[in-house]
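Here is the structure we will look at, set down as structure tokens.
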Amino acid sequence: MKTNAFILILTTLATLLFTSCEKTNFGIIRPSAHVSSTTHPIPAITELDVADRFEVEVNFSDSENDLRIEANENLHQYIVVEQTGGKLTIQLKRFHPSISGVPVLKVYLTTPSVQSFKAEGSTTIHVLDPWQVNKASIELTGASAWYGTLEANRLDAKLSGASTLSLEGSVQDFAVNAEGACEMTGFAFEVGNLDTDLSGASSLSLTVQDAMRVRATGASMVYYQGNAVIEYQNLTGGSQIIKR
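Each residue of the sequence shown is one higher than the one before, starting from 26 at the first, in the working numbering.
Here's what the structure looks like:
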């Protein structure tokens, strides 16, 4: 009886351990040579959240809502597309094989407008049309990147883990938090007021015309053009503000 009870306890513990682990892959899969596309009917969205190495192209159209995903034939089964309210999420299944080599994971989205972008896990987003919105939000984590032109009253951006934000256009108010060797590039991006918090060797390059408030640590840098007044600065660990 004691032996049976002991075995039962060990089995239970092993089951609990397995189910509680944050393991995200089972085995290895090599992407197939054949690439195919799937289309997904979607209503208008306000948020786009993409993870797991996807390459995303976004176009804006007043008359179209279209989502097409291009991938290696044997990878489609692991791709998850979910929409909750106005939020569209695209990612790989939580439990999926480790993908060897260089997969084809591409998203083509056409939609009237988006208010918020989020990219994580080495995802790259290219916005091909000018993004015109009142208040915009961009969040990048895990070596992700965002490229595009923005016209807005306000942009809130959060960058972490060696992510890159490349912008053109203009906003009146720009608040950005960047940590972990992130980079925001674009002297062609003009803002009225800048409020930024940088750490871990992150850097900004932009044009500021009115006012700047800068907190920077860990060899972080702000490079700027324009006629902005520096209203506040707290620079530590070799961080600098440099006018170009």
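Heads up, the beta-carbon is just placed ideally off N, CA and C, and yes, glycines get one too.
Check, Outcome
"Assuming Thr63 and His121 form a contact by the criterion Cβ under 8 Å, report the distance between their Cβ atoms to the nearest whole angstrom.", "Actually they are not in contact, since the Cβ atoms of Thr63 and His121 sit about 17 Å apart, beyond 8 Å."
"Residues in its own chain within less than 6 Å of Ala200 by CB, not counting five upstream and five downstream?", "Asp181, Asp220"
"Short of 6 Å in beta carbon distance, which residues of its chain neighbour Pro137, apart from the five on each side in sequence? Order them along the chain.", "Ala69, Asp87"
"In whole angstroms, give me the CA-to-CA distance for Ala58 and Ser141.", "34 Å"
"In angstroms with no decimal places, state the Cα-to-Cα distance between Gln258 and Asp235.", "15 Å"
"Return the Cβ separation of Tyr248 and Leu260 in integer angstroms, given the expectation that the two are a contact with Cβ distance under 8 Å.", "Actually they are not in contact, since the Cβ atoms of Tyr248 and Leu260 sit about 14 Å apart, beyond 8 Å."
"Can you tell which of Gly217, Gly186, Val196, Glu215 has its C-alpha closest to the C-alpha of Glu208?", "Gly186"
"For Leu117, which three-state DSSP category applies?", "strand"
"Can you give the Cα-Cα distance for Ala161 and Glu176, rounded to whole angstroms?", "9 Å"
"Using 7 Å as the limit for Cβ to Cβ distance, is His101 near chain D?", "Absent from the structure is chain D; it holds one protein chain and no more."
"What do you get for Asn97, buried or exposed, if any count of 16 or more other CB atoms within 10 angstroms of its CB means buried?", "buried"
"Is DSSP giving Glu204 helix, strand or coil here?", "strand"
"At what residues does the beta strand (DSSP E) containing Arg93 begin and finish?", "91-97"
"For Val75, which residues in the same chain have their Cβ closer than 6 Å to its Cβ, ignoring the five residues on either side in sequence?", "Val81, Ile115, Ala144, Thr148"
"Pull up the distance between the alpha-carbon of His65 and that of Leu113, whole angstroms please.", "11 Å"
"Sort out for me which residues DSSP pairs Phe199 with in a bridge.", "Leu180, Leu219"
"Checking 7 Å against the spacing of the C-beta atoms, do Ser188 and Gly211 come in under that value?", "no"
"Does the beta-carbon distance from Ala213 to Glu193 come in below 7 Å?", "yes"
"My assumption, with CB atoms under 8 Å, is that Leu223 sits in contact with Ala206. Please give the rounded CB distance.", "Rounded, the Cβ-Cβ distance is 11 Å, inconsistent with contact."
"Measure the CB-CB distance between Val105 and Lys118 and report whether it falls below 7 Å.", "yes"
"Looking only at its chain, what residues have a beta carbon closer than 6 Å to the beta carbon of Leu134, apart from the 5 residues adjacent to it on each side?", "Val83, Leu92"
"Once DSSP output is grouped into helix, strand and coil, what is the label at Gln140?", "coil"
"Using 7 Å as the threshold, is the C-beta distance between Thr71 and Gly111 below it?", "yes"
"One question on the structure: do Phe79 and Val139 come within less than 7 Å of each other, judged by their Cβ atoms?", "no"
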